[in-house]
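To start, the structure under review is shown below, and the notes come after it.
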Amino acid sequence: MQRHTTQSADAERTSETTTNEPSSTLEDALLQLERAAELVDVDPNVIERLRHPTRVVQVSVPLRRDSGEVEVLSGYRAQHDDVRGPYKGGLRYHPAVTAEECTGLAMWMTWKCAVMDLPFGGAKGGIAVDPKTLSAAETERLTRRFAEEIRDVIGPTRDVPAPDMGTDAQTMAWFMDAYSMQEGETIPGVVTGKPPVIGGSEGREEAPGRSVAIVAREAARYYGKSIDGLTVAVQGFGSVGANAARLLDEWGAAVVAVSDVGGAVYDPTGLELSAIPDHETQPEAVTTFEGAPEQRSNAELLELDVDILIPAAIGGVITEANADVIAADIIVEGANGPTTFDADAVLEDRGVPVIPDILANAGGVTVSYFEWLQDINRQSWTEAEIEAKLTTKMQSAWEDVEAVYDPAMMTWRDAAYAVALSRIARAKGARGLWP
Amino acid sequence: MSEQDTDHSSRFWDSGYDTTTPTTFECLNCGATIVSEDSIGTCERCGGGLRNKSMPIE
Ligand SMILES: [Zn+2]
């Protein structure tokens, strides 16, 4: 087993992070930390501690291919900070997984859990491999071996992984089984995102979309807009976008445009969402939907004059190139990082509020927390219970961010990070520095 | 990802779906894995909700 930490290399990068254009997730995460630090009265020693991950574990994961040949892959687990509770974050199987990217994403998970007031810290990890080249048997062997290699740094009270890019409920089931076998008892709380039969939670599919919809509704209320007839455009009709659109429609908003990879449909009076089939009956359902008078491209959807724009497909769609022509009154980030750093600055100058991803799409990690709670308490909650608890959690997170938000001083993103940072700082202050 | 890394203004490398290859979905109800060129919303086996496996959950 090969294992070493990379925090000293990461620390050296920190001092170079002074440009306006961060070139990695880690640099961006550090830049965001500096911005938040200026807004909150926090001991500089706490900020210094938060610039560095607790540990970044790298392991070699030998995999016997179906052909009999052995290949050695690199696995990582970056743990940023656990002052508020066990580390939490996804495990991804992707060729571009590196220690540095995992560290940046782990830091981002720390803020996300803190802004939601979940008793978790931030982590991220994975294996540098293209999952499409693995058979099911190879994926199982790889996952079980990886679970064993990182076993001494994870656990339900240490670090709780979840599915991420290239991993799924089955991956988590194998991971949980491998961990439980070695520990000699069944420990469902070691991972979240499991199949329901072994302790997975209800309400997982709807959670991120529901949190986006709740936050959009609260943002509209803050800006004095009624939900009745509120015009909404949603980029990405996947599970986040589609669930957010359906809920907002149910609450009385007029969803005027939705898109998938093929393009967008637009009806200025509001689409009849129930008429857009659930794609299995009709491939490429959005663009072939005949009830809409007009078609648009994905780029044009972003420029529609609507009350609320929800980019819920992929990262980096609102850039310096189109931030000037965004005509929406409010942007609610459904995807991770849809607004680039430069676009954020343009939108701030133009006074267009951007409700950040760490708050808006936190329904996913919040339901992970509910799954963990059910597992460690040997309980099982109904879908209705999950829905009610998620709504309460989202509303209270919104209220906490709204209480800090001062339009003259900061963006909504700054306010969310300020809430997160002050919670972490208070916890660090109360615990002190050992020894 | 690799394309995103060269875009120096991108905030994340969660680039989401790659439109050049079929997308893999997991059914959150029955666990079926479905590979499709199109964006699909429900499981063809049980009607359960699907998750695009190229997207993070948390
Ligand atoms: Zn199914």
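Residue numbers (my numbering), protein chains in the order written: chain A, 5 to 439; chain B, 1078 to 1135. By construction, the Cβ of each residue, glycine as well, lies at the ideal position given by its N, Cα and C atoms.
Taking DSSP's pairing of strands, which residues face residue i in a bridge?
i         : result
B/Phe1102 : B/Ile1111, B/Asn1129
A/Ser64   : A/Ser78
A/Thr343  : A/Ile322
A/Ser263  : A/Gln239, A/Ala268
B/Thr1119 : B/Gly1126
A/Ala164  : For the record, residue 164 of chain A in the displayed sequence is Val; it is not Ala. For A/Val164, which the question treats as bridged, DSSP gives the partners A/Lys92.
A/Ile334  : A/Ile312
A/Arg59   : A/Gln83
A/Gly127  : Correcting the residue type first, residue 127 of chain A is Ala in the shown sequence and not Gly. Its beta-bridge partners are A/Gln83.
A/Glu298  : A/Tyr270
A/Val290  : DSSP output for A/Val290 lists no bridge partner at all.
A/Gly159  : A/Asp163
A/Ala258  : A/Thr235
A/Tyr97   : A/Ile131
A/Val358  : A/Ile335
On the CB-based measure, 16 or more other CB atoms within 10 Å of its CB, does residue i come out buried or exposed?
i         : result
A/Thr285  : Here the model assigns A/Thr285 a pLDDT of 48, short of 50, so the residue's position is not dependable and the matter cannot be decided.
A/Pro26   : Summary for A/Pro26: the model assigns pLDDT 49, below 50, so the residue's position carries little reliability; its value from the coordinates is reported in the next sentence. Its Cβ being crowded by 16 or more others within 10 Å, A/Pro26 is buried.
A/Lys136  : exposed
A/Thr102  : buried
A/His283  : With a pLDDT of 48 at A/His283, under the threshold of 50, the modelled position of that residue is not reliable, and the figure given next carries that caveat. Buried.
A/Asn365  : buried
A/Cys106  : buried
A/Met185  : exposed
A/Glu73   : exposed
A/Gly188  : exposed
A/Trp402  : buried
B/Arg1128 : buried
B/Val1112 : exposed
A/Trp376  : buried
A/Leu437  : exposed
B/Cys1104 : buried
B/Thr1097 : exposed
A/Ala392  : exposed
A/Ala279  : exposed
B/Cys1120 : buried
A/Arg81   : buried
A/Arg250  : buried
A/Thr386  : exposed
A/Phe374  : buried
B/Ser1131 : buried
Relative to ligand 1, is the shortest distance from any of its heavy atoms to the C-beta of residue i smaller than 7 angstroms?
i         : result
B/Gly1125 : yes
A/Ala177  : no
A/Arg208  : no
B/Asn1106 : yes
A/Cys106  : no
A/Cys117  : no
B/Arg1122 : yes
A/Ala2    : Outside the displayed range of chain A (5 to 439) lies residue 2 of chain A, so it cannot be described from this structure.
B/Ala1109 : yes
With a threshold of 7 angstroms (Cβ to nearest heavy atom), would residue i be considered close to ligand 2?
i        : result
A/Ala173 : Inclusion of ligand 2 in the displayed structure is not the case, the ligand content consisting of ligand 1 alone.
For chain D, find out if any of its Cβ atoms is closer than 8 angstroms to the Cβ of residue i; answer yes or no.
i         : result
B/Arg1122 : Absence of chain D from the displayed structure is noted, the protein chains being A and B.
Three or more C-beta pairs below 8 angstroms linking the stretch 312-325 of chain A and the stretch 347-365 of chain A:
Touching, yes, given that three or more Cβ pairs across the two stretches are closer than 8 angstroms.
For the 8 angstroms Cβ check, are there 3 or more pairs between the stretch 406-414 of chain A and the stretch 231-244 of chain A?
The stretch 406-414 of chain A, when compared against the stretch 231-244 of chain A, does not touch it at the 8 angstroms Cβ threshold.
Does the stretch 88-96 of chain A come close enough to the stretch 33-52 of chain A that 3 or more CB-CB pairs lie under 8 angstroms?
The stretch 33-52 of chain A makes no contact with the stretch 88-96 of chain A; the number of CB pairs closer than 8 angstroms stays below 3.
By the 7 angstroms beta-carbon criterion, what residues does the stretch 158-190 of chain A contribute toward chain B?
So the list reads Ala166, Pro167, Asp168, Met169, Gly170, Asp172, Ala173, Gln174, given in the order they occur along the chain.
Is there contact between the stretch 274-281 of chain A and the stretch 243-260 of chain A, where contact requires at least three CB pairs shorter than 8 angstroms?
Yes: the two stretches touch, three or more of their Cβ pairs being nearer than 8 angstroms.
Okay, do the stretch 396-408 of chain A and the stretch 422-438 of chain A touch, 3+ Cβ pairs below 8 angstroms being the bar?
Touching, yes.
Does the structure place the stretch 378-385 of chain A close enough to the stretch 351-370 of chain A that three or more beta carbon pairs sit under 8 angstroms?
The way I'd put it, the stretch 351-370 of chain A doesn't touch the stretch 378-385 of chain A; fewer than three beta-carbon pairs between them come closer than 8 angstroms.
Within 7 angstroms of chain B by C-beta, residues of the stretch 228-250 of chain A in sequence order:
Phe241, Gly242, Ser243, Ala246: these are the residues of the stretch 228-250 of chain A whose beta carbon lies less than 7 angstroms from some beta carbon of chain B, given in chain order.
What are the residues of the stretch 325-342 of chain A that lie near chain B, defined by any Cβ-Cβ distance shorter than 7 angstroms?
Legend: CB atoms of the stretch 325-342 of chain A lying less than 7 angstroms from CB atoms of chain B belong to residues Ala339, Asn340, Gly341.
Against chain B, which members of the stretch 194-207 of chain A pass a CB distance test of less than 7 angstroms?
Listed in sequence order: Gly197, Pro199.
Is the stretch 136-156 of chain A in contact with the stretch 107-114 of chain A, if contact means three or more CB pairs nearer than 8 angstroms?
Taking 8 angstroms as the limit for Cβ pairs, the verdict is that the stretch 107-114 of chain A does not touch the stretch 136-156 of chain A.
Using 8 angstroms as the cut-off, can you tell me whether the stretch 325-341 of chain A makes contact with the stretch 300-312 of chain A, which would need three or more C-beta pairs spanning the two stretches below that distance?
Verdict: yes, contact present.
Touching by the beta-carbon criterion (3+ pairs, under 8 angstroms), the stretch 176-184 of chain A and the stretch 215-227 of chain A:
The stretch 176-184 of chain A, when compared against the stretch 215-227 of chain A, does not touch it at the 8 angstroms Cβ threshold.
Residues from the stretch 388-399 of chain A in contact with chain B, defined by Cβ distance under 7 angstroms
Of all residues in the stretch 388-399 of chain A, none has a Cβ within less than 7 angstroms of some Cβ in chain B.
Could you list the residues in the stretch 352-384 of chain A with a C-beta less than 7 angstroms from some C-beta on chain B, going in chain order?
If the cut-off is 7 angstroms between Cβ atoms, the stretch 352-384 of chain A has Gly368, Val369, Ser372 near chain B.
Do the stretch 118-126 of chain A and the stretch 151-158 of chain A meet, that is, are 3 or more Cβ pairs less than 8 angstroms apart?
Counting C-beta pairs with one atom in each stretch, the stretch 118-126 of chain A and the stretch 151-158 of chain A have fewer than three that are closer than 8 angstroms, which means they do not touch.
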